[in-house]
Structures are given as C-alpha cells and as structure tokens.
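Novice: Residue numbers (this note's numbering): 531 to 776. Here it is, the structure, as structure tokens.
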C-alpha cells in the first residue's frame, strides 16, 4: 500500500510538482520595473486621476523604491493599463480637446455683433457666435476670440469694418478659417493653410479696413496652454526625482 504524498507548499519549485509563486514583496525591483510604474503614473496624471502634487510624491517614491512591496501601493488605486472604468463618460469627437460636435448648433447666439467708438469691445470665453457676426469700430479696437466659443451654425461669417481702428480675431489652430477682407491705407490679415480637424465650423472673416487693420491669428486654447504647463512641470519633477536618485 502506498502512502499519500503531502501537498507541496506555496513557492515549491517545478521539480516538486507544485506551483511557482510570483515575486514576493521583499523581492528587489529592477530599473525597468520602476520605469513601468513611473509610466503608469504619467498616464494617470494625463487622465486627471492624479494632481501634480500627488504625482510628484508618488514619482519620487517610485525612483527611491527598492522592493516590489514598496512599488505596489503606488499604483494600487489606479486602473490597469489599457482599461477603463464602467462609468458612462461623455463622448467627444473631433475639434481638439472638447469636441466640435458639442459646440455647434447647441443653442441660440449670445452675440451677433459689436460696435465701438473711442473705446473697445471684447468677445471671448464660452460665448455663442451667431451665423453672422458684424463688428464695427471707429477710432477704437475690438477682440473676437473663437478658441472657446460655441457656434449657432456650422457656417459662420464674421464681418469686420474698421475706420482708424483695429479688430483682432483669434482662432484655434485646427479651425477652418478663410479670410476675404481688404484694406485701404490699412491691412486685413491673412492665414496660411491650417490642419483642420474633422467637424470644425467653417468661418469666413470678411470686411474692410480704412486707415486701420483687421488681424486674424491662430493661437492654442487656454486648456491646451494649461496642459503644456502641467507637462513641463511633470518633466521637471521627473528630472528632480532622477537627480536625487543618482
């Protein structure tokens, strides 16, 4: 009669017929493993799961970690790479950061024109541009900022008329814009070929400048400026952490 063989304990070698356990919490971490954790943290801050202060603290702890047990808690509350939560998130399509589909035809215009005499006007932020917007300035100035604007319709005409004054039109880099205006003893700004994003509104800037000017320029959105600022701050934190580790 044969006796029963005892069950092999955890961590047994392949030769003993038992399972092989993974690295324990006291196992030394490699540089590659620390870098994997750092990349998880970078993704988390880019997605808004971590703020910059917490990111800096975790990143510093990552490069100082010596074992798997020190690394694991740093990403324990973060989803695995390539996965998303079950929460219903708002969809976005095209138009850069916020999605053009959410900014076109969602409501009536909040402004269809502006006039300035010996003064100035400004339209900026989350305002809604009418299908036709007319700006008139006489010895004055004005600014029309479309970077965060909404649009009553996909096709928009902005008419600018200046006499001894100026109007500045600011658009995001990915917007479809055509400049048709002209000037006499003045200037009417022109744009180069843009990299238009899908779904962009079609904006025509036209009008006339007499002894004045209308300038049209592309500038990145404020939200993109903030993202780039956070990116630079993140890079400085990473360099500082690596320097302290060395």
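From the three backbone atoms N, C-alpha and C, an ideal C-beta is built for every residue, glycine too.
What does a CB cutoff of less than 7 Å around residue 567 pick up in its chain, not counting 5 residues either side in sequence?
Specialist: As a working note, residue 567 is residue 37 in the chain shown. Excluding sequence neighbours, residue 567 sits near 592, 601, 604, 605.
Novice: What residues in its chain sit with their C-beta under 6 Å from that of residue 685, if we drop five residues either side in the sequence?
Specialist: Indexing the chain shown from 1 puts residue 685 at position 155. Excluding positions up to five away in sequence, the list reads 732.
Novice: Just to check my reading of the structure: residue 745 and residue 709 have Cβ atoms closer than 8 Å, yes? What is that Cβ distance to the nearest angstrom?
Specialist: Your numbering for residue 745 matches position 215 in the chain shown. Your numbering for residue 709 matches position 179 in the chain shown. The Cβ separation is near 10 Å, so there is no contact.
Novice: Keeping to the same chain, check which residues put their C-beta closer than 8 Å to that of residue 760; ignore five residues upstream and five downstream.
Specialist: For the purposes of this step, residue 760 is taken as the residue at position 230 of the chain shown. Answer for residue 760: 575, 582, listed in chain order.
Novice: Using CA coordinates, which residue listed in 608, 659, 727, 734 is at the minimum distance from residue 640?
Specialist: The sequence position of residue 640 within the chain shown is 110, counting from 1. Comparing Cα-Cα distances from residue 640 to each of 608, 659, 727, 734, the minimum goes to 659.
Novice: Using DSSP with H/G/I as helix, E/B as strand and the rest coil, what is residue 682?
Specialist: In the chain shown, the residue the question calls residue 682 occupies position 152. DSSP places residue 682 in coil when its eight states are reduced to three.
Novice: Can you grab the Cα-Cα spacing for the pair residue 618 / residue 637, in whole Å?
Specialist: Taking the first residue of the chain shown as 1, we reach residue 618 at position 88. Taking the first residue of the chain shown as 1, we reach residue 637 at position 107. Per-residue confidence for residue 618 stands at a pLDDT of 39, beneath the threshold of 50, marking its modelled position as unreliable; no derived number is given.
Novice: Who pairs with residue 725 in a beta bridge, going by DSSP?
Specialist: Here residue 725 refers to the residue found at position 195 of the chain shown. DSSP lists no partner for residue 725.
Novice: Among 682, 673, 688, 729, which has the Cα closest to the Cα of residue 705?
Specialist: Here the question's residue 705 lines up with position 175 in the chain shown. Closest option to residue 705, Cα to Cα, is 729.
Novice: Ends of the beta strand (DSSP E) at residue 661?
Specialist: Against the chain shown, residue 661 aligns to sequence position 131. Residues 658–668.
Novice: Using CA coordinates, which residue listed in 679, 717, 683 is at the minimum distance from residue 498?
Specialist: Nothing about residue 498 can be reported from this structure: the residues present for the chain run from 531 to 776 only.
Novice: Over what stretch of residues does the alpha helix (DSSP H) that includes residue 604 continue unbroken?
Specialist: Taking the chain shown and counting its residues from 1, one reaches residue 604 at position 74. From DSSP, residue 604 is part of no alpha helix (DSSP H); its letter is neither H nor E.
Novice: Does the distance from the CB of residue 608 to the CB of residue 585 come in under 8 Å?
Specialist: Walking along the chain shown from the start, residue 608 turns up at place 78. Walking along the chain shown from the start, residue 585 turns up at place 55. No, these two residues do not count as a Cβ contact at 8 Å.
Novice: Considering only the alpha carbon of each residue, which of 563, 677, 767 lies closest to residue 633?
Specialist: To locate residue 633, count along the chain shown from 1; it is residue 103. Taking only the C-alpha atoms, the option nearest residue 633 is 677.
Novice: Note down, in chain order, each residue of its chain lying with its Cβ closer than 6 Å to the Cβ of residue 588, except the 5 sequence neighbours on either side.
Specialist: Sequence index remark: in the chain shown, residue 588 carries index 58 (1-based). Same-chain partners within the cutoff: 571, 604.
Novice: In terms of residue numbering, what span does the beta strand (DSSP E) encompassing residue 698 cover?
Specialist: As a first step, residue 698 is located in the chain shown; it is residue number 168 there, counting from the start. That run of the beta strand (DSSP E) goes 696–701.
Novice: Considering only their Cβ atoms, is the gap separating residue 711 from residue 679 smaller than 8 Å?
Specialist: Looking up residue 679 in the chain shown gives position 149. Looking up residue 711 in the chain shown gives position 181. Against a cut-off of 8 Å, the Cβ pair of residue 711 and residue 679 comes out as no contact.
Novice: Mind checking who residue 675 pairs with in its DSSP beta bridge?
Specialist: Here residue 675 refers to the residue found at position 145 of the chain shown. Answer is 700, bridged to residue 675.
Novice: Name the DSSP beta bridge partners of residue 739, please?
Specialist: The count along the chain shown starts at 1 and reaches residue 739 at position 209. Note: residue 739 sits in a beta bridge opposite 692, 713.
Novice: Between which two residues does the alpha helix (DSSP H) containing residue 586 stretch?
Specialist: Numbered from its first residue, the chain shown carries residue 586 at position 56. Where residue 586 is concerned, the enclosing alpha helix (DSSP H) stretches over 582–594.
Novice: With a cut-off of 8 Å on the beta carbons, I'd call residue 643 and residue 665 a contact; round off their distance for me.
Specialist: Position 113 of the chain shown holds residue 643. Position 135 of the chain shown holds residue 665. 7 Å between Cβ atoms; contact.
Novice: Would you kindly check if the distance between the Cβ of residue 689 and the Cβ of residue 674 is under 8 Å?
Specialist: Locating residue 674 in the chain shown gives position 144, counting from the first residue. Locating residue 689 in the chain shown gives position 159, counting from the first residue. Cβ distance not < 8 Å, so residue 674 and residue 689 don't count as in contact.
Novice: Just to confirm before moving on: does the CB-CB distance between residue 703 and residue 748 stay below 8 Å?
Specialist: Residue numbering aside, residue 703 sits at position 173 when the chain shown is read from its first letter. Residue numbering aside, residue 748 sits at position 218 when the chain shown is read from its first letter. Against a cut-off of 8 Å, the Cβ pair of residue 748 and residue 703 comes out as a contact.
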